[in-house]
Amino acid sequence: MSAVSATSARSNLYRLIDQVNEESDPLTITGQRGNAVLVGEADWQAIQETLFL
């Protein structure tokens, strides 16, 4: 899983959305107050389905 700063993510949001959807590879967004993960919608739905089972 790759990582980018929140500042970089803000500047490149549309490109990063395309990237996580095309590569099916989550992206960690790092920030001073904590991190977050950007996941493509199809991958997120698959995770939710797996957790539901």
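264 is the number of the first residue of the sequence shown in our numbering; add one for each residue after it.
C-beta: ideal position from N, C-alpha, C; glycine also.
Coil, strand or helix - residue i by DSSP
i: S274; result: helix
The alpha helix (DSSP H) enclosing residue i, as first and last residue numbers
i: L314; result: E304 to F315
Alpha carbon of residue i to alpha carbon of residue j, nearest angstrom
i: E304; j: R296; result: 25 Å
i: A272; j: L316; result: 33 Å
i: G294; j: V267; result: 9 Å
i: T313; j: V300; result: 18 Å
Residue i, buried or exposed, once every other Cβ within 10 Å from all chains shown has been counted against 16
i: I292; result: buried
Beta-carbon contacts of residue i that lie in its chain and below 8 Å, excluding the five residues immediately before and after
i: S265; result: D288, L290 and T291
Where the beta strand (DSSP E) through residue i begins and ends
i: S287; result: Element bounds for S287: n/a, residue is neither H nor E.
Neighbourhood of residue i by C-beta distance below 7 Å, restricted to the same chain and skipping five residues each side
i: V302; result: V283 and P289
Close Cβ partners of residue i (< 6 Å) along its chain, the five nearest in sequence each way excluded
i: D306; result: S287
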